[in-house]
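Each residue of the sequence shown is one higher than the last, beginning at 296 in this note's numbering.
Read through the structure below, which is laid out as structure tokens, and then see the notes.
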Amino acid sequence: MSPAIRQKFVVGNWKMYTNAADARRLAKAVVDGMGAQERVSVTLCPPFPYLALVGEILEGSRVALGAQNLYPEKEGPFTGEVSPTMLLELGCKYVILGHSERRHKLGESDAFVNQKVRVALAAGLDVILCVGETLEQRNANQTEALLDRQLTCGLADVPADTLTRLSIAYEPVWAIGNLEHHATPQQAEEAHTVIRRRFAQMFGKKSAQALAIQYGGSVKPDNAAALFCRHGVDGALIGGASLIADQFLAIVRAGINASQTEEKSSSMPQLTKPVA
Ligand code: 13P
């Protein structure tokens, strides 16, 4: 598959952190720190109760709003749940689905994740689908099979005309919030290659070339540059470091630098034959 330049995509997943005042401060600091750059697409995903207030701060800026989950029904007797229409009304463009914390701590199945993906896309939301193996699965050489299963099940019956609104986040479970074990850039690149290959089998090469694949799992300012310069690593889904504006913005800057380098090298004349 020939290399394609895809816009880097950096997303802050605030998980169940912040309070109203912190959410306001953090969102404002990100908007102010972003400036007018267009190289990296940036999204913030606060907890549900702060979507409206963060949305107000992001309005008119280059930072998009995303949610961390949804329930796959338009409305109904689903106490405590939030529908795609409600998220759209609050100004959400994106929704994170299939996060490992929901799969492993809340028991979400591949089939349920798939239902959410299809309903979210049909409603008009852009989906960030998370996939990734546990340490036991990696140690048992099951990473590829696991990614294959999560993609095959998670993307079953997704209409081809919605694929441009879908991105994948590769988040190895063992690397999330873990400063001792985080994926090396090489491991991230290998997993992204597996994901893109499987996606190409399912939806064709053209869709796979256009697909943004983010890496997630202890991305920090000091490892972001090494990850972003890897082939097929199109951005990051960030937990802990997205709660500190300076760290998040430093990761965005690493994305901008990596994009500039990619642009430069793609505009250099390509050698078709090895130099003797
Ligand atoms: P950390 O960046 O805290 O490891 O979290 C990653 C993650 O789960 C993002 O969705």
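Think of the CB as a built atom: it goes at the ideal place given N, C-alpha and C, for glycine as much as any other residue.
Only a predicted model underlies this, so the values are computations on that prediction, with no experimental measurement involved.
Using CA atoms only, rank isn't needed, just tell me which of C448, T338, A347, L538 is closest to R413. C448
Are L365 and L346 touching if we call contact CB-CB under 9 Å? no
With DSSP collapsed to three states, give me the class of N308. Here N308 sits in strand by DSSP.
Separation of R444 from P454, as counted between CA atoms: 18 Å
Mind checking I300: buried by the 16 CB within 10 Å criterion, or exposed? That one is exposed.
Suppose you measure from the CA of L321 to the CA of L538; what does that come to, to the nearest Å? 7 Å
Alpha helix (DSSP H) containing C340: first to last residue? Note, C340: premise wrong, no alpha helix (DSSP H); beta strand (DSSP E) at 335-340.
Could I get the ranges of all uninterrupted alpha helix (DSSP H) runs contained in the segment 381-469, with 4 residues as the minimum, in chain order? Within the segment 381-469, the complete alpha helix (DSSP H) runs of at least 4 residues are 405-418, 430-434, 438-449.
Residues of its chain near E484, where Cβ-Cβ distance is below 7 Å and the 5 sequence neighbours each way are ignored: R525, H526, G527, V528
When the Cα atoms are used, what is the spatial distance from Q542 to V326? 14 Å
Test item: CB-CB of I551 and G512 under 9 Å: no
I'd like to know if the segment 347-356 and the segment 306-322 are in contact, where contact means that at least 3 CB-CB pairs between them fall below 8 Å. Yes: at least three Cβ pairs fall under 8 Å.
Excluding sequence positions up to five away, which residues of its chain have a Cβ less than 6 Å from the Cβ of V306? T338, L532
Less than 9 Å between the beta carbons of N308 and H394, yes or no? yes
Between T374, K559, G535, R357, which lies nearest to M311 when the distance is taken from Cα to Cα? G535
Looking at C-alpha atoms only, which residue of A495, A519, R493, A507 is the closest neighbour of Q481? A519
I need the DSSP call for L474, collapsed to helix, strand or coil. Under the three-state reduction of DSSP output, L474 falls in the coil class, being neither helix nor strand.
Through-space distance from V335 to K303, alpha-carbon basis: 5 Å
Which stretch, first to last residue, makes up the beta strand (DSSP E) that contains I300? Counting along the chain, I300 falls outside any beta strand (DSSP E), and DSSP gives it neither H nor E.
Expressed to the nearest angstrom, what Euclidean distance is found between the alpha-carbon atoms of P344 and L441? Across the structure, P344 and L441 are spaced so that their CA atoms are roughly 33 Å apart.
Is G550 helix, strand or coil by DSSP? helix
Tell me the DSSP secondary structure of Y366 in three-state form. coil
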